[in-house]
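Reminder that position 115 of the sequence shown reads as 119 in our numbering, one-by-one numbering, no gaps. No residue lacks a Cβ here, since even glycine has one placed at the ideal position from N, Cα and C. All values reported here derive from a predicted model rather than from experimental measurement.
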Amino acid sequence: MIRPPQCRTVAALTLSAAALVGIVLHEGYTDRAVIPVKGDVPTIGFGTTSGVKIGDTITPPKALARALTDVQQFEGALKQCVTVPLAQHEYDALVSFSYNVGSRAFCQSTLVRKLNTEDYAGACAELLRWRFFQGKDCALPVNARLCGGLATRRQAEYRQCLGESTP
């Protein structure tokens, strides 16, 4: 497949401002450390987990700064495991996905294997497979209260990956 000229090596890309806004909107904000789901680690701000302990608090500006720092770490991991050129919209969608599932899960995924063989459409379609939470399919209406936001996020990342929408 011949890639359009707007594709760049991942080393030359950085998350767009619109994609950062999309990530923080998907993550939601909490001003104090919480355990979002049983068995998870403490989370604060816009999904930050590194160095967080119960009792910690944060302001919105500091939470946004932490989210940006976190994003940069996820970008670094993505740049280590993705070996093909990407368009900005693909890169933004994949950083959002990685931010949500973690660098290790992202880099070890079928999505990255497909991407690195230049199966761009197949890689984007893999995003839709990551819609389960605690064994429940978040795309099903019966699970909407539990995890409907996850299915909504994956649909948004999928459309963005294909270039059909912005964050």
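Assuming residue i contacts residue j under a Cβ cut-off of 8 Å, what Cβ separation, rounded to an integer in Å, is found between them?
i	j	result
residue 92	residue 20	6 Å
My output table needs one value for residue i: the three-state DSSP class, helix, strand or coil.
i	result
residue 5	Interpretation of residue 5 is limited by its pLDDT of 41, a score under 50 that renders its predicted location unreliable; no figure is taken from the coordinates.
residue 151	helix
residue 141	strand
residue 161	helix
residue 126	helix
residue 156	helix
residue 169	coil
Excluding the 5 residues preceding and the 5 following residue i in the sequence, name in chain order all residues of the same chain whose CB lies nearer than 6 Å to its CB.
i	result
residue 6	Because the pLDDT of residue 6 is 46, which lies under 50, any placement of that residue in the model is unreliable, and the number read from its coordinates should be weighed accordingly. Counting only Cβ-Cβ distances below 6 Å, and skipping sequence neighbours, we find nothing.
residue 17	95
residue 51	31
residue 14	83, 86, 90
residue 41	none
residue 70	49, 52
Name the one or two DSSP bridge partners that residue i has.
i	result
residue 12	90
residue 110	The partner list for residue 110 (beta bridge, DSSP) is empty, contrary to what the question assumes.
residue 136	141
Excluding sequence positions up to five away, which residues of its chain have a Cβ less than 7 Å from the Cβ of residue i?
i	result
residue 127	115, 118, 119
residue 11	89, 90, 91
residue 155	135, 142, 143
Apart from the five residues on each side of it in sequence, which residues of its chain come closer than 8 Å, Cβ to Cβ, to residue i?
i	result
residue 46	37, 38, 39, 53, 56, 57, 58, 60
residue 75	19, 24, 27, 99, 103
residue 131	97, 101, 115, 158, 161, 162, 165
residue 129	162
Quiz item: Which whole runs of the beta strand (DSSP E) in the segment 18-91 are 3 residues long or more, in chain order?
Solution: Listed in chain order, the complete beta strand (DSSP E) runs (minimum 3 residues) inside the segment 18-91 are 34-38, 47-49.
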